[in-house]
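Quick notes on the structure that follows.
In our numbering, the protein residues as written are 1192 to 1507.
As structure tokens, then:
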């Protein structure tokens, strides 16, 4: 397989519990593997070709042909320039769309079918369903008020927040919080939308989430006087989203862990099994790997999040 959509490589590896069948991936997929834990679990994954497409997903047909793939996974909604060149070169292309939990289930089923492991998809989907039911039950029990949570898809070089029709908005609401970017004074348009600091200050979120698509960390807000009046800064509730087998920001094989993490970030508490225990069990299932405490600290950005409120609940 050659996978061009960013989350596809790590999902295929999780479905396969192996890096043997992915021969090429988008560079952003590769950096997540390099910087996250998947490169440690499957060292061979860091050697997979990642010069197969531009940042806009335009395929490098020559590089892909050299890999002799049986199938190329590509975005189906990025225009004719993303799929036609591949098909014109005689390559078999699987066009996919993405952004919802249903899309993730479709990808999981497709990849499991391609890899000859159909029951693996059923097990992965069932586990996510179980996690979803648990988080909904916790939300009904612990949610109080409607804390405002803003997710930054980009922060370091221009602000972009998750607006309507985003997965981030879905899980913010799932845990009993409110996304002011989708409220009455929210952004215009859907998806990841550019905003200015003044807009964010008017929203005055209680919690800020920093995504894994740039290098921004909580201290970048805590130390910047521009953000000093923000409720999330005053109460030190700015958090870097974990980076596991893939970025926890979008839908993925570790989404159940993301939901549990966010639920406890927004409404801290030590009810139920610890997140670390959940992660160890999940990584055993997904990757046949038992992470160490240092591994989990890395995934959870424990050092970067150490100065944020209640993050000690995720300590070893």
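Glycine included, C-beta positions come from ideal geometry on N, C-alpha and C.
For clarity, every value in this text was computed on a predicted model and none was experimentally measured.
Hey, quick one: how far does the beta strand (DSSP E) through residue i stretch, first residue to last?
i	result
residue 1302	Per DSSP, residue 1302 belongs to no beta strand (DSSP E); it is in the alpha helix (DSSP H), 1292 to 1305.
residue 1266	1263 to 1266
residue 1345	1340 to 1345
residue 1286	1284 to 1287
residue 1383	1383 to 1386
residue 1353	1350 to 1353
Using CA atoms only, rank isn't needed, just tell me which of the options is closest to residue i.
i	options	result
residue 1495	1264, 1441, 1408, 1436	1408
residue 1197	1343, 1234, 1246, 1413	1246
residue 1337	1365, 1415, 1213	1365
residue 1335	1374, 1260, 1458	1458
residue 1473	1315, 1346, 1226	1315
residue 1389	1254, 1440, 1260, 1377	1377
residue 1347	1384, 1401, 1374	1401
residue 1352	1477, 1295, 1399, 1435	1399
residue 1227	1436, 1442, 1464	1436
For the alpha helix (DSSP H) containing residue i, name the first residue and the last one.
i	result
residue 1311	1309 to 1333
residue 1473	1466 to 1478
residue 1491	It is not in any alpha helix (DSSP H) - residue 1491 carries neither H nor E in the DSSP assignment.
residue 1508	What is shown of the chain runs 1192 to 1507, which leaves residue 1508 out entirely.
residue 1430	No alpha helix (DSSP H) contains residue 1430, which is instead part of the beta strand (DSSP E) from 1429 to 1431.
residue 1412	1409 to 1413
residue 1271	1271 to 1279
Just to confirm my understanding: we take residue i, look at its own chain, exclude 5 residues before and 5 after, and list those with CB closer than 6 Å. What are they?
i	result
residue 1266	1196, 1248, 1273
residue 1329	1454
residue 1210	1204, 1233, 1235, 1236
What do you reckon, is the C-beta of residue i under 6 Å from a heavy atom of the ligand ADP?
i	result
residue 1269	In the structure shown, the ligand ADP is absent, as is every other ligand, since no ligand is present at all.
Apart from the five residues on each side of it in sequence, which residues of its chain come closer than 7 Å, Cβ to Cβ, to residue i?
i	result
residue 1500	1426, 1427, 1428
Return the chain-ordered list of same chain residues with a C-beta closer than 8 Å to the C-beta of residue i, the five sequence neighbours on each side being excluded.
i	result
residue 1439	1403, 1432, 1433, 1445, 1446, 1448, 1449, 1452
- Query: Pairing CB atoms from the segment 1340 to 1352 with CB atoms from the segment 1362 to 1373, are three or more of them under 8 Å?
  - Reply: yes
- Task: Run through the segment 1208 to 1251 for me and flag every whole alpha helix (DSSP H) of 4 or more residues, listed as ranges in chain order.
- Result: Restricting attention to alpha helix (DSSP H) runs no shorter than 4 residues, the segment 1208 to 1251 encloses them at 1218 to 1226, 1229 to 1232, ordered along the chain.
- Pairing CB atoms from the segment 1297 to 1312 with CB atoms from the segment 1214 to 1230, are three or more of them under 8 Å? no
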